[in-house]
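Below is one structure, written out as structure tokens, with a few remarks after it.
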Amino acid sequence: MNIPEAFRSALRSLFSNKIRTFLTMLGVIIGVFAVVALVSLVEGIENYIVDRFNAIGSNLIIVAPGNAGFAQDPAISFTKKTLEEKHVDLLRKELGGLVPGVTPSIRLIKKASYRAETHPAIITAANWEAADLFSVDIVEGRFYTKAEVINKDYVVLLAPAVKEDLFGDADALGKKVKIGSKQFTVIGLTGNESGQSNERAFMPYTTAQEVFDVDSITNILTKAKSPDTIDQVATEIEHILVQELDPNDFTVISQSDILASIGDILDVLSIVLVAIAGISLVVGGIGIMNIMLVTVNERIREIGLRKALGATRIDIAGQFFIESVLISLIGGLFGLLVSWFLTLGIRSVLRAEITPWAIALSLGFSFLVGAVFGTYPAVKAAKKDPIEALRHE
Amino acid sequence: MSKGEAFDMDSNSANSTSTPVLEGIGLTKVYDMGEVKIRALKGVDIQILPGDFTTIVGKSGSGKSTLMHIMGLLDTPTEGQVVLHGKDTTQYSSAELARVRNKEIGFVFQSFNLLARTSTLDNVILPLKYSNTPKAQWEKKATDVLKRVGLGDRLQNKSNELSGGQKQRVAIARALVNDPAIILADEPTGNLDSKTGESIEQLLIDLNKEGKTIIIVTHDEDLARITPKKVTLHDGLIVS
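These protein sequence lines are chains Y and E, in that order. The first sequence lines up with residues 0 to 392 when you count with our numbering. The second sequence lines up with residues 689 to 928 when you count with our numbering.
Put into structure tokens, the structure is as follows:
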């Protein structure tokens, strides 16, 4: 078979009936578009999550109470109360220079009010090292000091949304905000931080324990100095805490664990979505087969003629097979193009990406669809008896 | 074809001692239509010598087209064999048959069978695509044969822009382009007016003079009368 010639002949035939060719392609275009767009969307969601986690500080290590892996019920970390201050002290002592600091963390949601304005705030209570551990961006004022933590002072830093609702444009520094039953002095304001809630109110954990009457702590936070030492620090923390706690009473979670779990979930989601979108590709393939069968029937005299002039079965089959594969592949390329435009469109919202494997997968699938659904019409054309084909009206 | 008409059957004596270029031996063809079996050929022996100009005549249904298709290796006989250049083609694979149709036999059809919306040149190039002729020679070969049939100035015309006579000339050029020894023409003038038909017949006669072996299935009694060799089929048998 003269392959370049078969390609030319197939292209000529596709161009001679542009509307039909386009409509036949449409199934594959939509199928590939659906596959690629969904994959890139999931990719975008994953990027978004990773970005937000990175904004928090990617080296963060969390000790949560209970045997609460990321995939388990997160409520356990709020209800189990096994972590205490002495564990924080123990970790600080044992980890030493391995970490920049260790802080207990208590999180509660409480109403904050100033004069007539009230706003629910996420109380983020920790020690003086939290400014660094949480990478808190202080735009005005200061973070609370070690002394204020020890003295259980009523001081608070407000995140933008809380400040905005309570004070509007007015100056908030030095003002007294009522949280729970106590008046807190605003000593600082934090900036807009991507990946973080703007509803937070930071205060010493000692103050929070007293004011809100909690004696346990939600979790203990620390940070590895570099991504390379995360695993080392996490293992070290486990060794240290085992001295005091039952292994089932605490869990050490690093961000890489969380991200890995999210990645796993999104991978499954991705596969499910691709499988669903893949159905439209199969439907597109059936469309191609249908049209190719019509084409074979329409060109039956031409097939007879070509055979009379010396075309072999392989020549004839190859011609129709290539035509079908070309429809599908070109459709696949168009589908890719459309999804590329979509990705550009949603870039401002989501860092969606067309990954190389999505391109390979969709083009591979469009080839396969064209090949699988083109084979039967091609074989049917090749088997035509030249005499019957020439007699066909 | 009425009985009793006199034909000169001996004018081909010049070739009578050569080896047949194409030979049909005991050809039968039965079309199995389920309950009915149609016997289109009932044992036909035919010899075509190199340089022959043979007309096959007969009423419709006499089996002449079937014979033509079998002799052209477009169809296979139910029994019997077709011998081409001394070789029995019975055991040829479909690829070998395709090669023979491409290289050894040129077909001319009643309804021309040109590719629509395709230029004269590309129509003539078509058989070259299935041969092992290098692509670089395609255009030259096609142009040469188109000039030979008098269409040197119509190379780029689309087939639908041509008159019936021109179309048949393109079809003859297409049959000639691979330089086959044998030209098989099935009612080549059947769709043409008599004047145009005559010019096509003259072209075929000229080609025969140049050495091509020509077999024509025809209704044209005038043509049959002047051809050196005529085969009359009746009801699946050669009657004269």
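The beta-carbon is built from N, C-alpha and C at its ideal position, and this holds for glycine as well. Since we're looking at a predicted model, the values are computed, not measured.
query                                                                                                                                                                      : result
By the three-class DSSP mapping on this structure, what secondary structure does Y:Val31 have?                                                                             : helix
CB E:Ser706 to CB E:Leu737, shorter than 7 Å?                                                                                                                              : yes
Looking only at its own chain, which residues have a Cβ that is under 7 Å from the Cβ of Y:Phe69, when we skip the five neighbours before and after it?                    : Its pLDDT being 49, under 50, Y:Phe69 is placed unreliably by the model, and the measurement read from it follows with that caveat. Same-chain partners within the cutoff: Ile252, Asp256, Ile257 and Ser260.
Report back the beta-carbon spacing between Y:Leu336 and Y:Ser365 to the nearest angstrom; my notes put them in contact at under 8 Å.                                      : Not quite, the Cβ-Cβ distance comes to about 13 Å (not below 8 Å), so this is no contact.
At what residues does the beta strand (DSSP E) containing Y:Glu128 begin and finish?                                                                                       : Note, Y:Glu128: premise wrong, no beta strand (DSSP E); not H, not E.
For E:Ala873, report the span of its beta strand (DSSP E) as first-last.                                                                                                   : Ile870 to Asp874
Verify the CB distance criterion: does Y:Ile386 have a CB-CB separation below 7 Å to chain E?                                                                              : yes
Does Y:Ala111 come out as helix, strand or coil in the three-state DSSP assignment?                                                                                        : strand
List the endpoints of the continuous alpha helix (DSSP H) containing Y:Met288.                                                                                             : Gln254 to Glu297
Kindly indicate if chain E contains any beta-carbon less than 7 Å away from that of Y:Leu13.                                                                               : no
Do we get a CB-CB distance below 7 Å when we pair E:Asn790 with the residues of chain Y?                                                                                   : yes
Roughly how many angstroms lie between the CA atoms of Y:Leu156 and Y:Ser215, to the nearest whole one?                                                                    : 22 Å
Using the Cβ count rule (16 or more neighbours within 10 Å means buried), how would you classify E:Arg801?                                                                 : Going by the sequence as given, residue 801 of chain E is Asn instead of Arg. So E:Asn801 counts as buried.
Residue range of the beta strand (DSSP E) that E:Thr920 falls in?                                                                                                          : Lys917 to His922
Let me know the secondary structure DSSP gives Y:His118 once reduced to three states.                                                                                      : strand
Counting pairs of Cβ atoms below 8 Å between the region 81 to 93 of chain Y and the region 183 to 201 of chain Y, do you hit three or more?                                : no
By the DSSP assignment, the beta strand (DSSP E) with E:Gln896 in it spans what residues?                                                                                  : In the sequence under discussion, the amino acid at residue 896 of chain E is Asn, which differs from the Gln named in the question. Careful: E:Asn896 lies outside any beta strand (DSSP E), inside the alpha helix (DSSP H) at Ser882 to Lys897.
Please return the same chain residues whose Cβ sits closer than 6 Å to the Cβ of Y:Phe333, not counting the five positions on each side in sequence.                       : Ile28
Under a Cβ-count criterion, where at least 16 other Cβ atoms within 10 Å of its own Cβ denotes burial, should Y:Pro376 be classed as buried or exposed?                    : buried
Got a sec: which bits of the region 286 to 311 of chain Y sit with their beta carbon under 9 Å from any beta carbon on chain E, in order along the chain?                  : Arg300, Glu301, Gly303, Leu304, Arg305, Lys306, Ala307, Leu308, Gly309, Ala310 and Thr311
Between which two residues does the beta strand (DSSP E) carrying E:Met721 extend?                                                                                         : Leu710 to Met721
Quick one: what's E:Asn845 bridged to in DSSP?                                                                                                                             : Answer by DSSP bridge pairing: none, since E:Asn845 is not bridged.
Per DSSP, Y:Gln182 forms a beta bridge with which residues?                                                                                                                : Y:Lys177
Cβ atoms of Y:Gly286 and Y:Gly65: under 7 Å apart, would you say?                                                                                                          : no
Under 6 Å Cβ to Cβ from E:Leu803, same chain only, skipping five residues before and after it: list those, please.                                                         : Asn811
CA-CA distance, E:Ser750 and Y:Phe6?                                                                                                                                       : 43 Å
In the DSSP assignment, find the alpha helix (DSSP H) that holds Y:Gly344 and state where it starts and stops.                                                             : Arg312 to Ile345
Quick one: using the 10 Å Cβ neighbour count with 16 as the cut-off for buried, is E:Val770 buried or exposed?                                                             : buried
Name the chain E residues that come within less than 7 Å of Y:Glu4, Cβ to Cβ?                                                                                              : Lys817
So with CB distances below 7 Å, who are the chain E contacts of Y:Leu10?                                                                                                   : Under the 7 Å cutoff, chain E gives no residues; its nearest Cβ is about 14 Å from Y:Leu10.
Evaluate Y:His238 with the Cβ neighbour count: other Cβ atoms within 10 Å of its Cβ, from every protein chain shown; 16 or more gives buried, anything less gives exposed. : exposed
With distances taken Cα to Cα, identify the nearest neighbour of Y:Thr22 among Y:Ala120, Y:Met291 and Y:Gln242.                                                            : For the record, residue 22 of chain Y in the displayed sequence is Leu; it is not Thr. Taking only the C-alpha atoms, the option nearest Y:Leu22 is Y:Met291.
Which class does Y:Leu97 belong to by DSSP, given the choice of helix, strand or coil?                                                                                     : helix
Going by DSSP, name the residue or residues bridged to Y:Lys222.                                                                                                           : Y:Leu59
By DSSP, does E:His762 sit in helix, in strand, or in coil?                                                                                                                : Checking the sequence shown, residue 762 of chain E turns out to be Leu, not His. Coil at E:Leu762, not helix or strand.
Assign E:Ala702 to buried or exposed, taking buried as 16 or more other Cβ atoms, counted over all protein chains shown, within 10 Å of its Cβ.                            : Low confidence applies to E:Ala702: its pLDDT is 46, below 50, so where it sits in the model is not reliable enough to give any reading.
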